[in-house]
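In the UniProt record's numbering, the protein residues as written are 1 to 315.
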């Protein structure tokens, strides 16, 4: 019992005997505990110092145990001390965890602040890619613009998802047609959750602020956060509409390359006005071409046309 308060085993034995015997001399304590005289004297000195035993005025001197309530008060004091120590330890542990997270985060996240820095970071990522580049593009485009023609190495595969609004700006679709390589795939989604450029599944750049004066992004290295961003891309990719912008022969013998391009723009959600602007023609001409496509598909509405295009594998 007393050992929990820092007392020795001998002190514990002697105190127990004093409580049992009411009072005892050194010789009696040595006899009842089996300890040597020297051990008993050392134990008694320790008990007296702790306030757990006292000497009597008898001759020879006898010793009396302090009330167990004294031990109880010592235990209560030790509990208070332990609780105070626990409070300090909790605070230190919280600080330690925060410092550990900060050290880890320093290796995972890097803030990229400013337009020039974002552009340099984006170009550096593209040029460093060895296997794969994935990109979610939504306006406003503030880093690498569509017409800057910064390409990764030829060995890399590219997958790009454009938000519909990103293709409505005149000229963007024409540039996409020029820059899309045979190993690249493009899809369109009506609403992207975030902008992102990622390479080789090892690093991603995500804009987090697009203020006119100070655009800010975060560079995310291999981590659970990067895994989540890549999973998000795959989810959006699975729900996006394929965009055929090449002029080569496609899987369909029914549609011409021009028809497939028009159908791609329709399925991507571009308005007739935006399609007309891209094609350099009138809205009426676009509408006439759409009616021709519906005739080929033997349908009466644009929704049916989209369904038939998917069913026939025209895209």
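Beta carbons are placed, not taken as given, at the ideal position from N, Cα and C, and that holds for glycine.
Bear in mind the structure is a predicted one, so any value in this text is a computation, not a measurement.
As assigned by DSSP and simplified to three states, the class of residue i
i, result
"residue 242", "strand"
"residue 151", "coil"
"residue 251", "Note that residue 251 has pLDDT 49, beneath the 50 cutoff, so the model's placement of it is unreliable and the number below is only indicative. Residue 251 falls in the coil class under three-state DSSP."
"residue 129", "coil"
"residue 110", "strand"
"residue 215", "coil"
"residue 268", "coil"
"residue 118", "helix"
"residue 146", "For residue 146, the predicted model reports a pLDDT of 49, less than 50, meaning its position is unreliable and no value from the coordinates is stated."
"residue 209", "strand"
"residue 7", "coil"
"residue 137", "strand"
"residue 299", "coil"
"residue 34", "coil"
"residue 89", "helix"
"residue 284", "helix"
"residue 191", "coil"
"residue 168", "helix"
"residue 181", "coil"
"residue 314", "coil"
"residue 256", "coil"
Per DSSP, the bridge partner or partners of residue i
i, result
"residue 63", "24 and 55"
"residue 186", "160"
"residue 294", "Residue 294 pairs with nothing; no bridge assigned."
"residue 220", "109 and 204"
"residue 199", "133 and 203"
Within 8 Å, strictly: CB atoms of residue i and residue j
i, j, result
"residue 267", "residue 167", "no"
"residue 290", "residue 276", "no"
"residue 24", "residue 17", "yes"
"residue 261", "residue 293", "no"
"residue 108", "residue 220", "yes"
"residue 265", "residue 187", "no"
"residue 34", "residue 7", "no"
"residue 165", "residue 193", "no"
"residue 126", "residue 203", "no"
CB contact below 8 Å: residue i versus chain D
i, result
"residue 162", "Looking at the structure shown, chain D is missing, and only one protein chain is on hand."
Top-ranked residue by Cα proximity to residue i, from the options
i, options, result
"residue 29", "22, 19 and 40", "40"
"residue 305", "279, 6, 274 and 255", "255"
"residue 52", "75, 314 and 111", "75"
"residue 297", "308, 288 and 303", "308"
"residue 382", "68, 128 and 43", "There is simply no residue 382 to check, as the chain begins at 1 and stops at 315 in what is shown."
"residue 156", "138, 314 and 134", "134"
"residue 20", "223, 67 and 127", "67"
"residue 241", "33, 82 and 163", "163"
"residue 48", "33, 15, 125 and 235", "15"
"residue 119", "184, 203, 301 and 217", "217"
"residue 184", "191, 154 and 190", "154"
"residue 259", "273, 280, 284 and 314", "314"
"residue 230", "87, 284, 273 and 195", "195"
"residue 327", "57, 6, 13 and 58", "No answer is possible for residue 327: it lies beyond the span of the chain, which begins at 1 and ends at 315."
"residue 239", "117, 227 and 191", "191"
"residue 129", "86, 117 and 159", "159"
"residue 317", "302, 161 and 303", "Not covered by the structure: residue 317. The range shown for the chain is 1 to 315."
"residue 189", "235, 117, 280 and 31", "235"
Any contact of the segment 149–164 with the segment 203–223, i.e. 3+ C-beta pairs under 8 Å? no
Using 8 Å as the Cβ pair cut-off and three pairs as the minimum, do the segment 187–203 and the segment 171–178 touch? no
Answer yes if the segment 54–63 comes into contact with the segment 86–99, meaning at least three C-beta pairs across the two stretches below 8 Å, and no otherwise. no
Below 8 Å, how does it come out for the segment 173–192 and the segment 108–120: are there three or more Cβ pairs, yes or no? no
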